[in-house]
Amino acid sequence: MLINSSKEIVPAGTPAYKEGGNALKGLYAIINRPSDPSEVEFLHSYVNEIVLALCDCIHGAFYAGNAEKRPEMYILAISITTLTVVFSSDAVTSMQRYTVERVLLELCSKIMDPRMEKFSEKANLPASEIATLAPEEKRYLMVFKALYKAMRKLTERAKPGDVYPSVINLLQRLMHNDVGDYNKNDTLKHLLKEDSLDQLVGRILLKLSHVQASSLTPFEGIDIFGVLMQMHMFFSTLPQAEVMMVDIANDNMRSALKIIAESLMKTRPSAFEVSMKDIPATSPVRQAFEEMGIGQTQHNSTEPTGLHYEQNDSINNGNSNLASAAPPWYHNAHSKNRFSGPRTGWECSFWRNSWAKFHFLPRFCCQSWCINQCTTPVDN
C-alpha cells in the first residue's frame, strides 16, 4: 500500500513505494492514451474511485498537513498530473457531487498549505527568472502551478450542477470546522488575519457566480431551488460569533446570492419566481433579499407608466398597482413572519471592497484566476 494507516505516503525506497509509483504511472498512461474501448469504459465506471484515490495520494504526499515535513514531490507530481488528465477526459461528467467536493477541498487546502503558499508570489514570474531558481524551488513552483491547473480544469469541465453546490456546501463545512485535518493551519491564520482556506473557497464561489451570470445561459444545469435552500441552511446555521472568518464567509455568500438573483431576474424571471415560492417565509434568504433591496428593485422597474399624481401628491390606485407589479416572492419577504434574527456581519466591509471578491487566487497572485501551465512527473 502506498499510503499507511496515518494517511501518509510510505517511505521512499520501500517496495510499497515503488509499486505504488509504478501503479500511478500505469494509471496515467491508461487515462491519457487509452488503447481500446475497454479502458475508456473502465475510466467512466470507476472515475469516482480513481479520483478519490488520487486525492488520498495528494493528501498523503503532504503528510496530512504536517507543515514540518517536505512534501513527497515525486508521488505528488504524478498524482496531480493524473488528476488533471482525468478532468480533461469525458469521464469528468461521470463524477458524483461528493467526489467534486472532495477534490475542491483537497486542492484548496494544498494551495493554502504553508509549504506552498509562499510560492504563489512567484507564480507569475517570467521564464527567464524561473530559470534562475534553485532546483528545489522550481519543484515547489511546478507543483503549485499544477494545483491551480487542476482546479481550473475541474471548475471548467465538471458539471456546473455539481460544482456550484459543492462549493457552497464546502464553505458551510468550513464554518463548522467539519473538514477533519484539512484546515488545521487556519486557526493561527484567523488570529493573524491572514488569508485562509475558507476565504479561498469564498472567492471561488464568487468567481463561479460571476462566470455563470455572464454566460449565455446563466446558471443552466444548476438546481436554483436547491442552491437557495443550501444558502438558507448556511445562513440559518452560521455561527453567531463576531469574528472575521464568519463575517467574510457571510459577506461572500450574500454576494453570491445577489448575483444569482439579479442575473436570473433579468434572464429567467419566471424560473426564479418558481424557485422562490417554496423557500420558507421566515428564511434568511428572503431577509437578505429585503436588505439588499432586490425585491424593491424589481418593484420600481415594473411600476406602470400610466400612474399619475393627484394634487395631494398621492397616487391613484398606487398601492394595488405597485403590489401587483412586485414578484410573488417579494410579498412573502415582507410578511410579518419574516426572519428577524441577529445579523451576522453583512454590514462588515472588510472583504466587500477587496479585489479578491472577484478572484479566487490569493491576494498576492491576482494577475490571473488560474495558471495555464502543466507539470510532468519529477524525479527525486
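Number 104 in this note's numbering belongs to position 110 of the sequence shown; there are no gaps in the numbering. Where is the CB? At the ideal position from N, CA and C, for every residue including glycine.
Coarse secondary structure for residue i, derived from DSSP in three states
| i | result |
| --- | --- |
| Ile3 | strand |
| Ile216 | coil |
| Ile(-3) | strand |
| Tyr158 | helix |
| Lys116 | helix |
| Asp30 | coil |
| Arg64 | coil |
| Ser230 | helix |
| Tyr11 | helix |
| Lys187 | coil |
| Tyr142 | helix |
| Gly174 | coil |
| Asn179 | coil |
| Leu413 | Lying outside -5 to 374, the shown extent of the chain, residue 413 is not represented and no answer is given. |
| Lys132 | helix |
| Ser208 | coil |
| Ala152 | coil |
| Gly20 | helix |
| Gly439 | Summary: the structure shown does not reach residue 439, with the chain confined to residues -5 through 374, and so no result is reported for it. |
| Arg167 | helix |
Rounded straight-line distance, which links the Cα of residue j to that of residue i
| i | j | result |
| --- | --- | --- |
| Glu123 | Lys183 | 30 Å |
| Glu111 | Val268 | 43 Å |
| Ile74 | Lys143 | 9 Å |
| Leu202 | Ile253 | 10 Å |
| Asp175 | Glu100 | 11 Å |
| Lys116 | Leu135 | 7 Å |
| Asn310 | Gln193 | Here the model assigns Asn310 a pLDDT of 38, short of 50, so the residue's position is not dependable and the matter cannot be decided. |
| Asp107 | Tyr57 | 11 Å |
| Phe229 | Ile162 | 11 Å |
| Glu13 | Pro28 | 21 Å |
| Ala207 | Leu119 | 32 Å |
| Asp272 | Asp217 | 13 Å |
| Glu95 | Glu285 | 31 Å |
| Val237 | Lys132 | 37 Å |
| Asn(-2) | Val4 | 6 Å |
| Cys(-4) | Glu62 | Just to set this straight, residue -4 is Leu in the shown sequence, not Cys. For Leu(-4) and Glu62, the distance between alpha carbons rounds to 21 Å. |
| Glu188 | Thr211 | 36 Å |
| Ile24 | Glu33 | 7 Å |
| Lys153 | Tyr40 | 17 Å |
| Val97 | Gly287 | 36 Å |
| Ser277 | Met239 | 22 Å |
| Asn244 | Ser190 | 15 Å |
| His204 | Gln281 | 22 Å |
| Glu66 | Gly54 | 8 Å |
| Lys19 | Ala71 | 11 Å |
| Arg146 | Met259 | 28 Å |
| Leu199 | Val79 | 24 Å |
| Phe266 | Leu222 | 10 Å |
| Glu256 | Phe219 | 15 Å |
| Ser103 | Asp50 | 13 Å |
| Ala121 | Leu127 | 10 Å |
| Ala10 | Leu185 | 41 Å |
| Gln166 | Ala17 | 36 Å |
| Glu35 | Ile44 | 13 Å |
| Ala250 | Ala235 | 22 Å |
| Met270 | Val279 | 10 Å |
| Ser141 | His226 | It should be pointed out that residue 141 corresponds to Leu in this sequence rather than to Ser. Roughly 31 Å between the two C-alpha positions. |
| Met247 | Phe213 | 16 Å |
Rounded distance between the beta-carbons of residue j and residue i, thought under 8 Å
| i | j | result |
| --- | --- | --- |
| Gly155 | Gly196 | In fact, because the Cβ distance is near 20 Å, the residues do not count as touching under 8 Å. |
| Leu37 | Ala85 | 5 Å |
| Leu48 | Thr76 | 6 Å |
| Gly15 | Ile69 | 6 Å |
| Gly59 | Asn179 | 7 Å |
| Gln224 | Pro159 | 6 Å |
| Ser114 | Phe81 | Going by Cβ atoms, the distance from Ser114 to Phe81 rounds to 21 Å, so no, they are not a contact pair. |
| Pro263 | Met169 | 31 Å between Cβ atoms; not a contact. |
| Asn42 | Met89 | 6 Å |
Neighbour flag for residue i against chain D, beta carbons, 8 Å
| i | result |
| --- | --- |
| Met270 | Checking the listed chains, one finds no chain D in this structure; it contains a single protein chain. |
Near the ligand FAD: residue i beta-carbon under 7 Å from a heavy atom
| i | result |
| --- | --- |
| Ala140 | Among the ligands in the structure shown, none appear at all, so the ligand FAD cannot be discussed. |
Segments assigned alpha helix (DSSP H), at least 4 residues, entirely inside the region 236 to 276: 238 to 261 and 263 to 271
Alpha helix (DSSP H) runs contained entirely in the region 31 to 109, provided each spans 4 or more residues: 31 to 55, 67 to 82 and 91 to 105
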